[in-house]
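Those letters in the sequence shown? Residues -4 to 434, by my numbering.
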Amino acid sequence: MNEIFKNIPTVRFEGKDSQNPLAFKFYDADRIILGKPMKEHLPFAMAWWHNLCAAGTDMFGRDTADKSFGTEKGTMAHARAKVDAGFEFMQKLGIEYFCFHDVDLVPEAEDIKETNRRLDEITDYMLEKMQETGIKCLWGTANMFSNPRFMNGAGSTNSPEVYCFAAAQIKKALELTVKLDGKGYVFWGGREGYETLLNTDMKLEQQNIARLMRMAVNYGRSIGFTGDFYIEPKPKEPMKHQYDFDAATAIGFLRQYGLDKDFKMNIEANHATLAGHTFQHELRVSAINGMLGSIDANQGDLLLGWDTDEFPANVYEATLCMYEVLKAGGLTGGFNFDAKNRRPSYTTEDLFHGFILGMDTFALGLIKAAALIEDGRIDAFIRERYAGYETGIGKTITEGTATLENLAAHAESMGAPALPGSGRQEYLQSILNEILFKA
Ligand code: XUL
Ligand code: CO
């Protein structure tokens, strides 16, 4: 087979003193951290759409990068070339997973039967490559937001015909996910929301989304999909308001409609910040509800109000992310780089630099999060901060034996309570800095 990225060698770990732009400085796949090799803590995935499809087009200008891979775009030859490029790319970086939308894989035809035939053909080819390389599928999904028919959403559309079309795409995408043995299936409701309540039946739209998800679960289970379904919360963009606003909202929705046993969260860093939360907050909310499934690893620009999907470079954030992931006992999914190069970074080398940056950032985050946990001062502080609930009147509260009368009687008997202990935020932030930047 022809090598596509001829100027790029296999990217290897060279350590922190290396200045080789095509080497890892921190991601050392086999290094043991807290008893497990880094690559098991960090199952990285390539997003088909950003890496093999997107070429820099934005609202103000056309492509800057050439992603034709020597073929004509919009053809099945191009679809196959993307498979070749993708697998060579993942192998050169040591990435073991990929994620895809249906229409990332093949050009969409007018007739869904023809699109599905193309999907069968390309996934046969992908399966061959997967067997050859050992690379696996992290998750699949259906793109129910790009085609104009989805202008009002898929599950939330006002048109039953469009709803049927969404059902057909989900059915096929689930079949493909099973065929490729994907660990998960994602719902990102990009257009499941509204532009104005003046034309919106919010209750019906939400019920219909839940109905579609229920049908997806029933069908998925009937064809042998044993993995997790994921909701990927995002508050806005493209719609003004999206129903899966954040993790807490999505979890409430899943519980309301009895879908919580089959679904977990796929948390994306940049979506968290758009919702006005930190990435860590969204991970914690998911984890404490037993629903931390997978992560879309990217970062936003806090000065911009949209989803910039940048490769993660912020070690502080990655450390707090990995702290949450380690505390939760790891992910059932993985770390999908839902990230793209900046438009002026249009060369082949830039594709690799983006992933090297992201993988090194998360490797550093893992190393530092493990150090925070081993250091133990933050954990000890939190334990101590809530120690009052382990004995006496506090224990009656957590055990559930307290009544309002008991607690009121206790309050009356003791006079004014002492102030709660200091939160010591600055001390704790110093510990974090000390561990992050220890010379
Ligand atoms: C969009 C986004 C999607 C999902 C998959 O903001 O994150 O690419 O990850 O549909
Ligand atoms: Co995403």
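We put the CB at the ideal spot given by N, CA and C, even for glycine.
Remember, it's a predicted structure, so these values are computed and weren't measured experimentally.
Nearer than 8 Å: is that true of the beta carbon of aspartate 302 relative to any heavy atom of the ligand XUL? Residue mapping note: residue 302 aligns to position 307 of the sequence shown, counting from 1. Yes, the ligand XUL has a heavy atom inside 8 Å of this Cβ.
What whole-angstrom Cβ distance do phenylalanine 274 and alanine 264 have, given they're in contact under 8 Å? Numbered from 1 along the sequence shown, position 279 holds the residue referred to as residue 274. Numbered from 1 along the sequence shown, position 269 holds the residue referred to as residue 264. Right, the Cβ-Cβ distance comes to about 4 Å (below 8 Å), so this counts as a contact.
Tell me the DSSP secondary structure of glycine 177 in three-state form. Within the sequence shown, residue 177 is the residue found at index 182, counting from 1. If DSSP states are grouped into helix, strand and coil, glycine 177 belongs with coil.
What's the gap between the Cα of alanine 242 and the Cα of isoleucine 290? Taking the sequence shown and counting its residues from 1, the one referred to as residue 242 is at position 247. Taking the sequence shown and counting its residues from 1, the one referred to as residue 290 is at position 295. Cα atoms of alanine 242 and isoleucine 290: separation of roughly 12 Å, rounded to the nearest angstrom.
Would you say the beta carbon of threonine 172 comes nearer than 8 Å to a heavy atom of the ligand XUL? Position 177 of the sequence shown, counted from the start, is the residue given in the question as residue 172. Outside the cutoff, so no.
Along the chain, which unbroken stretches of the alpha helix (DSSP H) at least 4 residues long are found entirely within the region 351 to 398? 372 to 380, 387 to 394
Quick check on the contact list: which residues have their beta carbon closer than 5 Å to a heavy atom of the ligand CO? Glu263, Asp291, Asp333
Looking only at C-alpha atoms, which of Phe258, Leu29, Ala50 sits nearest to methionine 317? Here the question's residue 317 lines up with position 322 in the sequence shown. Distances from the CA of methionine 317 to each of Phe258, Leu29, Ala50 were compared; the closest alpha carbon is that of Leu29.
Hey, how far is the Cα of alanine 76 from the Cα of glycine 65? Looking up residue 76 in the sequence shown gives position 81. Looking up residue 65 in the sequence shown gives position 70. Cα to Cα, alanine 76 sits roughly 8 Å from glycine 65.
Kindly examine the ligand XUL and report whether one of its heavy atoms sits closer than 8 Å to the Cβ of glutamate 407. To locate residue 407, count along the sequence shown from 1; it is residue 412. Glutamate 407 Cβ: outside cutoff for every heavy atom of the ligand XUL.
Return the first residue and the last residue of the alpha helix (DSSP H) that threonine 111 is part of. The residue given as residue 111 occupies position 116 in the sequence shown. Reading off the sequence, residue 111 comes out as asparagine, not threonine. Start and end: 107 to 128.
What does the alpha-carbon distance come out to for the pair lysine 229 and phenylalanine 330? As a first step, residue 229 must be located in the sequence shown, where it is residue number 234. As a first step, residue 330 must be located in the sequence shown, where it is residue number 335. Roughly 17 Å separates the two Cα atoms.
Are at least three pairs of beta-carbons, each pair with one atom in the region 53 to 62 and one in the region 397 to 411, less than 8 Å apart? no
Going along the chain, which residues of its own chain have a beta-carbon closer than 7 Å to the beta-carbon of phenylalanine 487, five neighbours each way excluded? Not covered by the structure: residue 487. The range shown for the chain is -4 to 434.
Going by DSSP, name the residue or residues bridged to tryptophan 183. Taking the first residue of the sequence shown as position 1, residue 183 is located at position 188. Beta-bridge pairing links tryptophan 183 to no other residue.
State the beta-bridge partners of isoleucine 28 as determined by DSSP. Counting from 1 along the sequence shown, the entry for residue 28 is found at position 33. BP columns for isoleucine 28 point to Lys31.
Using 10 angstroms around the beta-carbon of cysteine 159, count the other beta-carbons present and answer buried if the total reaches 16, otherwise exposed. The residue you call residue 159 lines up with position 164 of the sequence shown. By the 10 Å Cβ count, cysteine 159 comes out exposed.
Please tell me whether, using a cut-off of 8 Å, the distance from the CB of histidine 272 to the nearest non-hydrogen atom of the ligand XUL is below it. Locating residue 272 in the sequence shown gives position 277, where the first residue counts as 1. No, Cβ of histidine 272 sits at least 8 Å from all heavy atoms of the ligand XUL.
With DSSP as the reference, please indicate the residues paired to glutamine 237 in a beta bridge. Numbered from its first residue, the sequence shown carries residue 237 at position 242. The partner list for glutamine 237 (beta bridge, DSSP) reads Gly188.
Looking at the unbroken beta strand (DSSP E) that takes in tyrosine 92, where does it start and where does it end? As a working note, residue 92 is residue 97 in the sequence shown. That run of the beta strand (DSSP E) goes 92 to 96.
At a cut-off of 8 Å, is glutamate 103 close to the ligand XUL when judged by its beta-carbon and the heavy atoms of the ligand? The residue labelled residue 103 in the question sits at position 108 within the sequence shown. Glutamate 103: no, Cβ never under 8 Å from the ligand XUL.
Near tyrosine 180, what residues of its chain come up, given a Cβ to Cβ distance below 8 Å and the 5 sequence neighbours on each side ignored? Indexing the sequence shown from 1 puts residue 180 at position 185. Here the set comprises Trp134, Gly135, Thr136, Ala168, Leu169, Thr172, Ala211, Gly215, Phe220, Gly222, Asp223, Phe224, Tyr225.
Proline 307: buried (16+ other C-beta within 10 angstroms of its C-beta) or exposed? Start at 1 with the first residue of the sequence shown, and residue 307 comes out as number 312. Buried, because 16 or more other Cβ atoms sit within 10 Å of the Cβ of proline 307.
Rounded to a whole number of angstroms, what is the C-alpha to C-alpha distance between glycine 416 and aspartate 255? As a first step, residue 416 must be located in the sequence shown, where it is residue number 421. As a first step, residue 255 must be located in the sequence shown, where it is residue number 260. Each residue's alpha carbon lies about 37 Å from the other.
Where does alanine 149 sit, in a helix, a strand or coil, going by DSSP? Here residue 149 refers to the residue found at position 154 when the sequence shown is read from its first residue. Coil.
Same chain, Cβ closer than 7 Å to methionine 121, neighbours up to 5 away in sequence not counted: Position 126 of the sequence shown, counted from the first residue, corresponds to residue 121. Taken in chain order, the residues that qualify are Val78, Leu175.
If you count every other CB in all the chains shown that lies within 10 Å of the CB of proline 32, and 16 or more means buried, which is it? On the sequence shown, position 37 is the one that residue 32 refers to. Flag for proline 32 reads exposed.
So which of Lys11, Ile218, Phe82, Arg26 has the shortest CA-CA distance to glutamate -2? Translated into the one-based positions of the sequence shown, residue -2 becomes position 3. Ranked by Cα distance from glutamate -2, the first of Lys11, Ile218, Phe82, Arg26 is Phe82.
Starting from phenylalanine 82, trace the alpha helix (DSSP H) both ways and give me its first and last residue. Taking the sequence shown and counting its residues from 1, the one referred to as residue 82 is at position 87. Residue range 71 to 88 is occupied by the alpha helix (DSSP H) that includes phenylalanine 82.
Since proline 233 contacts arginine 279 with CB under 8 Å, what's their CB separation in whole angstroms? Along the sequence shown, one-based indexing puts residue 233 at 238. Along the sequence shown, one-based indexing puts residue 279 at 284. Proline 233 to arginine 279, Cβ: 27 Å. No contact.
Span of the beta strand (DSSP E), counted from its first residue to its last, around serine 289: Locating residue 289 in the sequence shown gives position 294, where the first residue counts as 1. It spans 287 to 291 - the beta strand (DSSP E) in which serine 289 sits, taken as one unbroken run.
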